[in-house]
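Engineer:
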Amino acid sequence: MKSIVAFLSTVVLLSVMSVSAPAKANDVASFLAGVCDNVASDNKGRFRKKLKNAGVKLRNIYDGVTCGGEPLVRYAMQKNAKAVGVFMVKRMPASHFASSGDLDWASANGFGDSDIAKAIAKR
531 MKSIVAFLST VVLLSVMSVS APAKANDVAS FLAGVCDNVA SDNKGRFRKK
581 LKNAGVKLRN IYDGVTCGGE PLVRYAMQKN AKAVGVFMVK RMPASHFASS
631 GDLDWASANG FGDSDIAKAI AKR
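Just add 530 to wherever you are in the sequence shown, counting from 1, and you've got our numbering.
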């Protein structure tokens, strides 16, 4: 009897493991798409909720996430997403923007007068 229970629990465990790996990949893709969509639509509330529901902090994922081939703050400047962009600047350490070149990029690409660039300059 114990061997049957052990066998069935092993089968159930293996089936759960095989299903959860693709589900996690889909969750990550959905999360990243949601982040980019919320930045593009300048929806700060949904952006914050997406981060909170995923249980992540912006500073922990910022360097690994790009939207349209650009870092999040640059993407926000391109999409004129003032609320989300300023929120991201406030949530990131000031030392990050000192070495990122985002302010120089903004000036070179015509975004130097944006509220996001001004928020970076204040930090």
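Quick reminder that beta carbons are idealized off the backbone N, C-alpha and C, glycines included.
1) Buried or exposed: where does Asp-632 fall if 16 or more other Cβ atoms within 10 Å of its Cβ makes it buried?
2) For the alpha helix (DSSP H) containing Arg-722, list its first residue and its last residue.
3) Classify Val-616: buried if its beta carbon has 16 or more other beta carbons within 10 angstroms, exposed otherwise.
4) With DSSP as the reference, please indicate the residues paired to Pro-623 in a beta bridge.
5) Which residue or residues does DSSP assign as beta-bridge partners of Cys-597?
6) Would you mind sorting Ala-551 into buried or exposed? The rule is 16 or more other CB atoms within 10 Å of its CB.
7) If we ignore side chains and look at the alpha-carbon of each, how far apart do Lys-587 and Met-622 end up?
8) Give the straight-line distance between the Cα atoms of Phe-627 and Ile-650, rounded to the nearest whole angstrom.
9) Below 7 Å between beta carbons: does that hold for Phe-574 and Val-614?
10) State yes or no: is the C-beta of Gly-594 within less than 7 Å of the C-beta of Lys-580?
11) Please go through the same chain and pick out, in chain order, the residues whose beta-carbon is closer than 6 Å to the beta-carbon of Cys-566, but skip the five residues on each side of it.
12) Mapping the DSSP letters down to three states, classify Gly-564 as helix, strand or coil.
Structural biologist: This is what the structure holds:
1) buried
2) Nothing in the structure corresponds to residue 722, since the chain is present only between 531 and 653.
3) Buried, because 16 or more other Cβ atoms sit within 10 Å of the Cβ of Val-616.
4) Beta-bridge analysis with DSSP links Pro-623 to no other residue.
5) Answer is Glu-600.
6) Low local confidence applies: a pLDDT of 45 at Ala-551 is under 50, so the model's placement there is unreliable, with the coordinate-based value given in what follows. Exposed, by the Cβ-count rule.
7) Each residue's alpha carbon lies about 10 Å from the other.
8) Spanning the two alpha carbons is a distance of roughly 7 Å.
9) Checking the displayed sequence, the identity of residue 574 turns out to be Lys instead of Phe. Result yes, Cβ atoms of Lys-574 and Val-614 sit closer than 7 Å.
10) Cβ distance not < 7 Å, so Gly-594 and Lys-580 don't count as in contact.
11) Excluding sequence positions up to five before and after Cys-566, its CB lies within less than 6 Å of the CB of Cys-597, all in the same chain and listed in chain order.
12) helix
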